[in-house]
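Residue numbers (our numbering), protein chains in the order written: chain S, 27 to 787; chain U, 6 to 344. Here a beta-carbon is modelled for each residue, glycine too, at the ideal position from N, C-alpha and C.
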Amino acid sequence: MRVPVSWLREYVPIEVPIQEVADRLVISSCEVDGIETVGVADVDGNLGLFRVGRVLDAVKHPNADRLQLCQVDVGEGDPRQIVCGAWNFGAGATVGVALPGAVLPTGLELERRKVRGELSDGMILAEDEVQLGTDHTGIMLLPNGIEPGTPLADVLPLTDTVLQLETSHNRPDLVAVYGIAREVAALFDAGLAPPPGHDPPRDTDEAVDVTIEDFEACPRYIGRLFRGATIGPSPVWLRARLLAAGMRPISNVVDITNYVMLALGNPLHAFDHAKLAGGRIIVRRARPGEKLRTLDGVERELESYDLMIADAERSVALAGIMGGEETEIGEATKDVLLEAANFEPFTIFRTAERLRLRTEGSNRWEKGVDPYLAEQAATLATQLIVELAGASWAGHVDVHAGLPEPPTVRFRPERTDAVLGIETTPDEQHAILHRLGFGVDGDEVSVPSWRARDVTREIDVVEEVARFRLADVPARLPMRQAMFGTLSKPQRVRRRIEDVLVGFGYSEAYTWSLLPRESASAAVELQEPLSSEQAVLRTSLGEGLLASARRNVDAGNDEIALFEQAHVYLPTGEQLPEERWRVGGIAQGGFLFAKGTVEGLYAALGVAPSFSPADDLPVSGRGARTEEGWVVSLRDPDLPGDWGAFELDVDALVDRIPDLIVYEDVITFPPVRQDLAFVVPEEVTAGQLAAAAHEAAGDELRELRAFDVYRGDQVGQGKKSIAFSVTFQSPERTLTDDEAAELRRRIVSRLEQDFGAQLRG
Amino acid sequence: MEKRSVTVAAVDVEALERDAAAAVAAASTPEELDEIRIRYLGRRSELKQALRAVRDRETGMTLNAVRERLEAAFDTRETELERDQLAKRDQALDVTLPGTQLRRGRLHPLTQIRREVEDIFLGLGYEIIDSREVETVWHNFDALNQPLTHPSRSHRDTFYVDDDTLLRTHTSTGQIRVMEQRDPPIYIATLGRVYRRDTPSPRSTPNFHQVEALAVDRGITLADLKGTLMHFFRAMFGEGRDVRMRTSFFPFTEPSVEFDVTCFLCAGKGCAFCKHTGWFEMGGAGVVDPAVFERVGYDPEEWSGFAWGLGLDRIAAQRHGIPDIRMFWENDLRVLRQF
């Protein structure tokens, strides 16, 4: 919301500097995004260089067919010679002149200079050059009779300041200059002008035919008929206000509807009455298959819940959102039907949302406009249409099914103290409420109609007082009975996982939760993704890490090792997917580096994994599964060299992590260590040998770890030798040589029997 | 008593000990020392031969005492020489050469700030709550008193999975789930990923992270909220930081405020970063709306509470001077390795 300060001060005539007004609004009412100067800058006497001039003489420029050479009296005795490109004036015209040294709103500084050989000692102004309009077809003509040399700012709104405000959803009353004025008056305890607009006398009393079929969606419709309007440009003061407020002037009647909306907050619409079939207005829901071409030229397909303004035959406007093209006000319009209605928020929201059509109107309706406001809006618009378009007011109708009584709320001032933590006397609280337009009667508070939707409960009244007391609230801490904060086991485990991986040289990555549709066969899909690249929720962290690894390769980074710990989202067939914490990694260094990471991570968490070969992993390649996930040898055309990747389900890991580590005696009875090498067929894996060995030797085989694989002449074609370092140990006694030999014999014979393994001498 | 020399069992022990001590001191390598040791303490040494020939107790004690002293002298010297020799090995060491490069990973800056925030909450006696990201419309909007016409419900602002399911737009959902399950008092913080349908830009991304705190107890006031914010941000940004509250609107709090914290770059003096206001816009807060308590079955006349929250990504980016928030999602090691 842009609020021109000159307009604001018309309703709340206080002399407080605007910065101070902004500072108060920021704390108690709305956000202030900025304070902007519009039009001609009022600095260093700049404004004084803009004057009223009278053209004494205007002839064709001797050296240029398209230019005029003018002598202009700007109140200095001698006239100034000014070269001008416009031809919509001649000798005798009263105009606006900028003198050399003047800085235009664009920042351009005028100079005295020669144009095609003739001196130009200033500039005759067109309205767009001083931001009073958008027209540049000719210069701005002022009414005759103004003394030359008069400061131009005395006759035109040359300069203004604009408050840029951002108001919240619960304050529809603040999306209006008058509403801001009312707020400022309350904040500063200042006087407020009555709402703008006075009904002129009605010339005739023609019937206005308005029917509301759906009072729930449209509680009120005021229709006013005007005859004999002249459509043309608005006067400069109105155009200047619209421009400063951020709207483009179009023509008087349309500008008036916009002006009234900005002034009071009630969106209006004007129809060309001659184009309404039967001269009728019917407010109804859309019919099956109905379409409407809106003002922006788009043909809209309608749904049965869309609220329409229709005439006797067809829809002519999307209620509250946008008018239709066919009944638009045009240059030829003579008779105008003005709509000052009230629409319910949800109806407007639903249609605007479906059509992706947000307008100044729909934005206000969605917040809930006061139904009492329609009357004042109709009045102000009527006054202006009669004054500015020369129309006669010919008819009026106000259709509604009873307007809601302003709510009353039970209010205990001590509740405010209990919420704020500071005392505010009941008298002071009541005074604040009075300033805001509330009525107080004992412990009953009556809410003004413009706040009726937002303030319905005691706590809402408390907030009204709180807004005025915020700066005084002290800082305390809750008085607590018990105070205890600790991380849960899963949270501690997740931190440990991060720390271990960082210690292993991995850097942590954050990647998007959303992936392209084709990336997972069964995944949760979004209804309206931002792009096809982010359409489904991931079921694995692999893809995001892969993309990050590629980006690092492209950037020329080395020793790439990345991990991420985040949710994956697994479809369940029910409303909500299952969300699980996963940790995934990707690293240069091949499969064994990745597997070493996984083994190290398991060891750090006190959990023993088993690895079994798998070729159905989410990332393609040779790999192995553990109880909680997988590790894979990654072959990717965009990742040169050897890479590995892994992913583990953290929630599953947490379940297996012992809560407490219990001491095991590995000191009293020393271990027996030896190396064993077996020649086996190529297809036999180290994991199979280890598993069988553990089964054969039992608990006294404490560790068996493959440390070398050899292929070559000494072991023969199709075979390999795997060397293990073996540790035997008993927690109960020192193993004798014979006992160690027996364990070893059991292993050798089992591996021979199961795999044809030959012990290498 | 003879003064010049003491002769015990035909050995001049005093001279022997003196000579040996001198030889030990003169030895310059362990090998030399070994030779000297053999000479004075070896099987054929004068001392050992004398010891073997000892017949009386007094002589034996005298000779053994000499032997022990010599052995100790040898051990001491041996340790010295070994140390010298080890020290010599490092004579050519250039200590200005770089050390062996160990691989060291980094925690992502977002995790670093997340942990920092979690630790402050733990210190304030809050539990950290894990919560889901795909949520029901009920938990994300309805239970939080969000009006049906609030723009945040729009399909343009929120990712929907179906008409009743969405990607949460704030971490308040976790608070509702906790309140549904437990009775007050409650002091919790929820941290995690949230989603808004924003096209990625230097200032916003469709995934980002929030932290929200909720306190529900008897007699909680806006003053408790202000104090909690002040303690929190002093822990985070340093002593002397102040908190300012401004009126705002959130459907789930009443009164609602936005809070600013003394600018962490200029400490409130005013700089380009805080647009010369001295304040940095931090997040939203308020006293929990009674409607929210009614929806989770708490009696609003008995319990009151406050809630506040903020976006972590923006604060992390601004603290570290990261110009484009999308860099958090690119995982370029040249960036990550700075943290």
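For the pair Pro-207/U and Gln-560/S, the CB atoms are not nearer than the 8 angstroms cut-off. Interface annotation, Gly-616/S: not in contact with chain U, CB-CB separation never under 8 angstroms. In this chain, Arg-772/S is not harboured by any beta strand (DSSP E); it is covered by the alpha helix (DSSP H) spanning 763 to 781. Here DSSP, grouped into helix, strand and coil, assigns His-155/U to coil. For the C-beta of Thr-233/U, the chain S residues within less than 7 angstroms are, from N- to C-terminus, Leu-503. In the DSSP secondary-structure assignment, Phe-672/S is bridged to Gly-611/S and Val-657/S. Chain S places no beta carbon closer than 8 angstroms to that of Pro-189/U, leaving this residue out of the contacts. In terms of CA proximity to Ile-257/S, Phe-297/S leads the group Gly-291/S, Leu-218/S, Phe-297/S and Tyr-247/S. Between Leu-341/U and His-113/U a beta carbon distance of about 7 angstroms is seen, short of the 8 angstroms cut, so the two are scored as contacting.
Taking a C-beta distance under 8 angstroms as the contact criterion, Ser-54/S and Ser-253/U do not qualify as a contact pair. Contact between Phe-252/S and Ser-32/S does not hold, since their C-beta atoms are separated by about 28 angstroms, which reaches or exceeds 8 angstroms. Taken atom to atom, the span from the alpha-carbon of Arg-35/S to that of Ala-207/S is near 8 angstroms. Note on Ser-566/S: 16 or more other CB atoms within 10 angstroms of its CB, so buried under the neighbour-count rule.
As summarised for the region 274 to 351 of chain S, the continuous beta strand (DSSP E) elements at least 3 residues long and confined to that stretch are 295 to 298, 306 to 311, 317 to 319, 325 to 327, 333 to 336 and 341 to 344, given in chain order. DSSP, reduced to helix, strand and coil, places Gly-249/S within a strand of the structure shown. With fewer than 16 neighbouring CB atoms inside 10 Å of its own CB, Met-505/S falls in the exposed class. By the Cβ criterion, the region 47 to 67 of chain S is not in contact with the region 97 to 105 of chain S, since fewer than three pairs of Cβ atoms, one from each stretch, lie closer than 8 angstroms. Looking at the backbone, the Cα of Leu-302/S and that of Ala-345/S are separated by about 15 angstroms.
Close CB contacts of Gly-104/U within its chain, under the 8 angstroms cut and outside five residues either way in sequence, are absent.
Counting C-beta pairs closer than 8 angstroms gives three or more between the region 280 to 296 of chain S and the region 259 to 271 of chain S, which meets the contact rule. Ile-150/S is bridged by DSSP to Val-123/S. Using a Cβ distance threshold of 8 angstroms, Pro-555/S and Leu-540/S count as a contacting pair. Secondary structure note for Arg-518/S: its alpha helix (DSSP H) is the uninterrupted segment 515 to 529. Taking the CA atoms as reference points, Gln-755/S sits about 55 angstroms from Ala-322/U.
Put simply, the region 343 to 357 of chain S touches the region 272 to 281 of chain S. At least three CB pairs are less than 8 angstroms apart. Within 9 angstroms of the CB of Leu-446/S, the CB atoms of chain U belong to Thr-226, Leu-227, Ala-228, Pro-260 and Val-292, in sequence order along the chain. Excluding residues up to 5 positions away in sequence, Val-183, Met-184, Leu-219, Ala-220, Val-221, Asp-222 and Gly-310 lie with their Cβ nearer than 8 angstroms to the Cβ of Ile-191/U in the same chain.
Among the residues of chain S, those whose CB is under 7 angstroms from the CB of Tyr-131/U are Gly-511, following chain order. With the criterion set as a beta carbon lying under 9 angstroms from some beta carbon of chain U, the members of the region 522 to 556 of chain S are Glu-524, Asp-525, Leu-527, Val-528, Gly-529, Phe-530, Gly-531, Tyr-532, Ser-533, Glu-534, Ala-535, Tyr-536, Thr-537, Trp-538, Ser-539, Leu-540, Val-550, Glu-551, Leu-552, Gln-553, Glu-554, Pro-555 and Leu-556, in sequence order. For Ile-687/S, the closest alpha carbon among the candidates Gln-714/S, Ala-629/S, Leu-674/S and Ala-732/S is that of Ala-629/S.
Shown in chain order are the members of the region 45 to 58 of chain S whose Cβ falls below 7 angstroms from a Cβ of chain U: Val-52, Ile-53, Ser-54 and Ser-55. Identification of chain S residues near Gly-110/U by a Cβ-Cβ cut-off of 8 angstroms yields Leu-527, Val-528, Gly-529, Phe-530, Gly-531, Tyr-532, Ser-533, Glu-534, Ala-587 and Phe-589, ordered along the chain. Any Cβ of chain S closer than 8 angstroms to the Cβ of Thr-174/U would place that residue at the interface, and such an atom is absent. Remark: C-beta atoms of Ile-458/S and Ala-216/S do not approach each other more closely than 8 angstroms. Ranking Asp-124/U, Ser-177/U, Arg-137/U and Arg-201/U by CA distance to the CA of Arg-161/U puts Arg-201/U first. Along the length of the region 167 to 213 of chain S, whole beta strand (DSSP E) runs at least 3 residues long occupy 185 to 192, reported in chain order.
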